[in-house]
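Visitor: Sequence lines, in order, name chains A and B.
Under my numbering, think of the first position of the first sequence as 1, with each following residue one higher.
Under my numbering, think of the first position of the second sequence as 1001, with each following residue one higher.
Ideal Cβ positions, reconstructed from N, Cα and C, are used throughout, including at glycine.
Because the structure is a prediction, the values reported are computed rather than measured.
Below you'll find the structure I mean.
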Amino acid sequence: DTGVSQNPRHKITKRGQNVTFRCDPISEHNRLYWYRQTLGQGPEFLTYFQNEAQLEKSRLLSDRFSAERPKGSFSTLEIQRTEQGDSAMYLCASSLPVTNTEAFFGQGTRLTVV
Amino acid sequence: AQSVAQPEDQVNVAEGNPLTVKCTYSVSGNPYLFWYVQYPNRGLQFLLKYITGDNLVKGSYGFEAEFNKSQTSFHLKKPSALVSDSALYFCAVRDRIGAGSYQLTFGKGTKLSVIP
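Written as structure tokens, this is what we have:
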């Protein structure tokens, strides 16, 4: 499968714990995005990488959130001191470095904070 | 700031009938417009996009969408609905330049139910 891969698919954690998600984009895509989707809502933009550089961050990305893409390939999204409000589906997407292209999404990581 | 409105939370249509899922948008410049579909416990799948040119865009699985600049709309259509089309549909916009040019802004989604 050469699509966007996200791991784990599901994560249940206790409030206050740290969690880390991984995203492997389509190999030739140098743009990578993280979105968050809560029940009944559309995905909301969190952050964007071009190669290893994090070029844009949403105000939704509080200080407890950090994303990295150290070698311009896979990316990780870490949430520290999780809160119940962090429960959501975290979606990763990637695209070619062309302005008019579409983004391809992974299947997401569903986080439940108990 | 860019925004998308999908005025219908749910659309019900009989199998074989035409379907329309509505979308209107707001963006400061000229938009790129997209439709995605989401099946239960799955990620978003790209259906079609409007970049420039012909206002009628054809996409996957027999779907098409019509871009109307004066009405700032990008409604999704299909001439004959299938039960397998039942899913959650999202409209999204991206600005061509500026701060919004990297991020997609999505609507809240419309649940399409095709009744056999």
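Can you list, in chain order, the residues of the stretch 1026 to 1037 of chain B whose Cβ is nearer than 9 angstroms to any Cβ on chain A?
Guide: Tyr-1032, Phe-1034, Tyr-1036
Visitor: Cβ of Leu-32 of chain A within 7 angstroms of Cβ of Phe-49 of chain A?
Guide: Yes, Cβ-Cβ distance for Leu-32 of chain A and Phe-49 of chain A is below 7 angstroms.
Visitor: My output table needs one value for Val-1114 of chain B: the three-state DSSP class, helix, strand or coil.
Guide: strand
Visitor: By the 7 angstroms beta-carbon criterion, what residues does the stretch 1043 to 1071 of chain B contribute toward chain A?
Guide: Gly-1043, Leu-1044, Phe-1046, Lys-1049, Ile-1051
Visitor: Do Asp-1095 of chain B and Ser-1101 of chain B have their CB atoms nearer than 7 angstroms?
Guide: yes
Visitor: Is the Cβ-Cβ distance between Tyr-1025 of chain B and Thr-1072 of chain B less than 7 angstroms?
Guide: yes
Visitor: Can you list the residues of chain B that Asn-100 of chain A reaches, using a CB-CB cut of under 7 angstroms?
Guide: Tyr-1032, Ile-1051
Visitor: By the three-class DSSP mapping on this structure, what secondary structure does Gln-37 of chain A have?
Guide: strand
Visitor: Who are the near neighbours of Thr-13 of chain A in its chain, counting only those whose CB is closer than 8 angstroms to its CB and skipping five residues on each side?
Guide: Apart from the 5 residues on each side of it in sequence, Thr-13 of chain A sits with its Cβ closer than 8 angstroms to the Cβ of Val-19, Thr-82, Leu-111, Thr-112, Val-113, Val-114 in its chain, given in chain order.
Visitor: For the stretch 1084 to 1106 of chain B, which residues have a CB atom closer than 8 angstroms to at least one CB atom of chain A, in sequence order?
Guide: Phe-1090, Ala-1092, Arg-1096, Ala-1099, Ser-1101, Tyr-1102, Gln-1103, Leu-1104, Thr-1105, Phe-1106
Visitor: Of the residues that make up the stretch 1003 to 1024 of chain B, which ones have a beta carbon closer than 9 angstroms to any beta carbon in chain A?
Guide: Val-1004, Gln-1006, Asp-1009
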